[in-house]
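Report on the following structure.
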Amino acid sequence: MAETISRKKSFGFLNTFRSNKSTSADSRATSVSEWSLEEPQPERKASRPRNKLRKKSMVNLRATTSSSTQLRKQAPGLPQHSSFPAISVADEWDRDAQTGERKDHTEMLHSLTYRGSAESLIEKTQLLFARIPAQSASGFLSRFPPAIWARVVDFLGPADAASLAFSCKPFRDVVGTEVWRYLNAQENRGLKIDFLGRLDQDLPDHLLCFPCAIYHLRTQKGQEILRPTNIANPLFHCPNASNLEKKVARTRLTVGRSLPFPFVQLILRAQKYSPAHGIPIDSMSRRYKDRDSDWWHQTRYAVANGHLLVRVISSAFAEPALPPAGLRKLLYSPNEKFTPYFSVCAHWMDGELMPSVKCALSHIPKPLEGGGIAGVAAEIKYRMNKPSPLITLCSYCRPMRRCPECPSEYLIELRMQEDRSNPAKLFKHAIVVTRWCDLGDGSSPQSPEWAACNGEAKFDSVGALGKRAISGIFESQFTVDQVPGQHIVSMNPKGENLGEAGHKWY
Ligand SMILES: [Zn+2]
Ligand SMILES: [Zn+2]
Ligand SMILES: [Zn+2]
1 MAETISRKKS FGFLNTFRSN KSTSADSRAT SVSEWSLEEP QPERKASRPR
51 NKLRKKSMVN LRATTSSSTQ LRKQAPGLPQ HSSFPAISVA DEWDRDAQTG
101 ERKDHTEMLH SLTYRGSAES LIEKTQLLFA RIPAQSASGF LSRFPPAIWA
151 RVVDFLGPAD AASLAFSCKP FRDVVGTEVW RYLNAQENRG LKIDFLGRLD
201 QDLPDHLLCF PCAIYHLRTQ KGQEILRPTN IANPLFHCPN ASNLEKKVAR
251 TRLTVGRSLP FPFVQLILRA QKYSPAHGIP IDSMSRRYKD RDSDWWHQTR
301 YAVANGHLLV RVISSAFAEP ALPPAGLRKL LYSPNEKFTP YFSVCAHWMD
351 GELMPSVKCA LSHIPKPLEG GGIAGVAAEI KYRMNKPSPL ITLCSYCRPM
401 RRCPECPSEY LIELRMQEDR SNPAKLFKHA IVVTRWCDLG DGSSPQSPEW
451 AACNGEAKFD SVGALGKRAI SGIFESQFTV DQVPGQHIVS MNPKGENLGE
501 AGHKWY
C-alpha cells in the first residue's frame, strides 16, 4: 500500500543489487540515483552510457533532439544547467572537495522517504542474497566445525533455535529436538507463540489460535464474515471454543458488536502475504442501526505501517436542553452495564470524554419559548435573524481527545442530519462521535496496542504516537482532502483513574 511504495528505495548503498528491470515511468524519481551509481564503470560499452545520459537529462532531451552525440562532445566540467547541479549532464561528477567522493544530491531526498521499518531491510537482504547460488545444507554446515555451530546455537533464543531446527535436517541435528519440547511446556507459552508466528506465511489455510497455541484449519476459508457478538461464528474447530477461561480475544466496537482477534489476523495476513491468507479489508466495513436505540454506526478499517486501524462513526438525533436523565438515556446502554452506545476504549470512564459529549449536547439551540406578545416578539426576532444551522462547539468539547492510556482518538461533532422518520422536521441536530483506534500488528492479543485498547496492558499513547494522529494516518489512506484539522488534547489531562468510582462520567 502507500507505505510500501515510499519505503522501497531508501538504502542507497544497496542499489547496485537492484535489477534494471524497472525503467518504467513510475520510477523516474528514483532512477537518477540508480543510474548514477552504475555509470562510471570503465569497462562498460559506449552505447550503455549514452542510454544513461539520456535518462539523466530529462530537461536537456527536450531542448536538443540528437542529444546523445552532442552530449558526448561537450567539454567536461561545463554544466549545462548551472541552476540544477543534481541533474547536470556534464561528464565529471560533482565531487566532495575533502574526500573526493562523488556527491549524489538525490540520495538525501530518497533518504527522507524512509519511514523506519524493518520491512525494507528484509527486502534489501533478500535482494542481497538473491544472486548467491543455493547450496545444500550439509555443504553449508561443513564450512564450520561442529564446535563453532554449537557456539552459534548457544547464542540463540529458544524461538530462534526452534526455527533453525525446523529449517532442515542437518540443522535439526545440530540444534536437537529438545528445544521443541521446551517450547511445548505450559510456562513457555509466549515463546511457543513467537515460534509459531513465524510459520504464518507458510500456512494460508490455517489460523493461529492463541488460546490453544495451535494452528487450526480455517473452516470457512475466504468466506469469513464478521457477525454481531451474539451470533456464534467459529472460524475453525477449536477444542477451547466453549471454555470460558480460554475465550478468543475480542475488542468492543459498539453495543452488541465486537471484533474478534482472528479477524485482525485475517485482514493483516491478506495484506502482508497474499489474498489467500486472509480476507479483503473492504469486506469488513459495516453500517448498521442499533437494535435497542436510535444510534447509527459506521465502521471502516485501514492498514497503515503494518497495523490495523479502525474508525467507528456513531450518531444519534438529540433533542435540545436534555435533562440529566435524558442525557443518560441517550448515551448509555442499560444492556451493557451503562457503557456508551458509541465506540469507546476501556478507559472511557476516566477523564473528559463523557463531560465533553454532554457539553457538545448542551450547544443545541433551544426552541422558542413563551406565549403571547413575548412569544411573537421572539418569533419575529428569530425569523429576522435566523441562526446558522451549523453549530460551533466550545473550546472544551471541540478538540479531538486522545486517550493517554491506549491508541484511541475521539472527535465529537454536532451535525444536521436528515431524519426520514419525521417528515414534519426533516433536518435535525445529531450528535456524532467518531473514534479512531490502532489495533496493533496482529502478532498476538498481547501486542501493546490491542491489549491497551482492551485495558489489559499499560501503554503510553503520548510517547508512542507523539504528534502523529491516528485519525490523520487513517484518513490519509483514503483522501488527502478531509484529514480532520482539530488539534488534539488529552482525554485525561489530570491522569485520574477513578473508573466507576468517579462521578463525572454519569
Ligand atoms: Zn483453538
Ligand atoms: Zn462545549
Ligand atoms: Zn483508552
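Those letters in the sequence shown? Residues 1 to 506, per full-length UniProt numbering, in order. Glycine residues also receive a C-beta, built at the ideal position from the N, C-alpha and C atoms. All values reported here derive from a predicted model rather than from experimental measurement.
Which of helix, strand or coil DSSP assigns to Met491: Three-state DSSP puts Met491 in coil, outside helix and strand.
Ser136 versus Arg189 - alpha carbon distance: The straight-line gap from Cα to Cα measures roughly 33 Å.
beta-carbon Ile470 near ligand 1 non-hydrogen atom, thresh 8 Å: In this structure, Ile470 has its beta carbon at no less than 8 Å from each heavy atom of ligand 1.
heavy atom of ligand 4 below 8 Å from Ala241 C-beta: Ligand 4 is absent from the structure shown, which contains only ligand 1, ligand 2 and ligand 3.
Cβ contact check for the stretch 278-287 and the stretch 241-248: 3 or more pairs under 8 Å: The stretch 278-287 vs the stretch 241-248: no contact.
Presumed contact (8 Å Cβ cut-off) between Ile313 and Gln298, rounded CB distance: Right, the Cβ-Cβ distance comes to about 4 Å (below 8 Å), so this counts as a contact.
Proximity to Asp292 [Cα-Cα], best of Asp160, Glu449, Lys192 and Tyr341: For the options Asp160, Glu449, Lys192 and Tyr341, the alpha carbon positioned closest to that of Asp292 is the one of Tyr341.
Segment contact flag, the stretch 457-476 with the stretch 336-351, C-beta cutoff 8 Å, min 3 pairs: No, the stretch 457-476 does not touch the stretch 336-351.
Three-state secondary structure assigned by DSSP to Phe195: Three-state DSSP puts Phe195 in a helix.
Cβ shell of Arg300 (< 6 Å), same chain only, five flanking positions each side left out: Cβ within range, chain order: Ser285 and Arg311.
Beta-carbon contacts of Asp205 that lie in its chain and below 7 Å, excluding the five residues immediately before and after: Taken in chain order, the residues that qualify are Leu217, Arg218 and Lys221.
Under the three-state DSSP convention, the category Ser283 falls into: The answer is helix: DSSP assigns Ser283 an H, G or I state.
DSSP state of Val264 mapped onto helix, strand, coil: DSSP, reduced to helix, strand and coil, places Val264 within a helical segment of the structure shown.
Straight-line gap, Ser274 to Glu496 (C-alpha atoms, nearest Å): Taking the straight line from one Cα to the other gives about 45 Å.
Where Pro373 falls: helix, strand or coil (DSSP): The displayed chain sequence assigns Ile, not Pro, to residue 373. If DSSP states are grouped into helix, strand and coil, Ile373 belongs with the helices.
Helix, strand or coil at Trp149 according to DSSP, with G and I counted as helix: Of the three classes helix, strand and coil, the one that applies to Trp149 here is helix, per DSSP.
Distance cut-off 8 Å: Ile214 Cβ against heavy atoms of ligand 1: Indeed, a heavy atom of ligand 1 lies less than 8 Å from the Cβ.
6 Å CB neighbourhood of Ala452 in its chain, flanking five on each side removed: So the list reads Cys406 and Phe459, once near-sequence residues are dropped.
Asn497 - DSSP class collapsed to helix/strand/coil: Taken through DSSP and simplified to helix, strand or coil, Asn497 comes out as coil.
Other residues of its chain near Ala316: CB distance less than 8 Å, five sequence neighbours each side excluded: The residues are Ser293, Asp294, Trp295, Trp296, Leu330, Tyr341, Ala430 and Ile431.
Alpha-carbon spacing of Leu308 relative to Glu336, whole angstroms: Rounded to the nearest angstrom, the two C-alpha atoms are 26 Å apart.
Segment contact flag, the stretch 171-183 with the stretch 414-433, C-beta cutoff 8 Å, min 3 pairs: Touching, no, given that fewer than three Cβ pairs across the two stretches are closer than 8 Å.
Lys124 burial status per 10 Å Cβ neighbour count (16 or more: buried): Sixteen is the threshold: when 16 or more other Cβ atoms of the shown chains lie within 10 Å of the Cβ of Lys124, as they do, the residue is buried.
Test item, CB below 6 Å from any non-hydrogen atom of ligand 2: With 6 Å as the limit between CB and the heavy atoms of ligand 2, the residues that fall short of it are Cys359, Ala360, His363, Leu393, Cys394, Tyr396 and Cys397.
Span of the beta strand (DSSP E) around Ile313: Run containing Ile313: His307 to Phe317, per the beta strand (DSSP E) assignment.
Trp436 CB to nearest heavy atom of ligand 3 below 8 Å: Checking the Cβ of Trp436 against ligand 3 gives no.
Straight-line gap, Pro456 to Asp441 (C-alpha atoms, nearest Å): Before going on, a small fix: residue 456 reads as Glu here, not Pro. Between Glu456 and Asp441, the C-alpha separation is close to 16 Å.
Straight-line Cα distance separating Ala241 from Ala185: Taking the straight line from one Cα to the other gives about 22 Å.
Contact under 9 Å by Cβ, Arg402 with Ser443: No, these two residues do not count as a Cβ contact at 9 Å.
Top-ranked residue by Cα proximity to Leu465, from Gln477, Phe210, Cys437 and Pro399: Nearest neighbour of Leu465 by Cα position, chosen from Gln477, Phe210, Cys437 and Pro399, turns out to be Cys437.
Which of helix, strand or coil DSSP assigns to Pro158: Helix, per DSSP.
Ser167 versus Val175: straight-line alpha-carbon distance, rounded: Val175 has its alpha-carbon roughly 11 Å from the corresponding atom of Ser167.
Phe473: first and last residue of the uninterrupted alpha helix (DSSP H) it sits in: Before going further, note that residue 473 is Ile rather than Phe in the sequence given. Taken as a continuous stretch (DSSP letters only), the alpha helix (DSSP H) holding Ile473 covers Ile470 to Glu475.
Distance between Lys386 and Cys345 (C-alpha atoms, nearest Å): Counting only the Cα atoms, Lys386 lies some 39 Å from Cys345.
Distance cut-off 8 Å: Pro260 Cβ against heavy atoms of ligand 1: No.
Ser27 in three-state terms, based on DSSP: Since pLDDT at Ser27 reaches only 38, below the 50 mark, its modelled position is unreliable, and the value read off the structure follows with that caveat. In this structure, Ser27 counts as helix in the three-state DSSP scheme.
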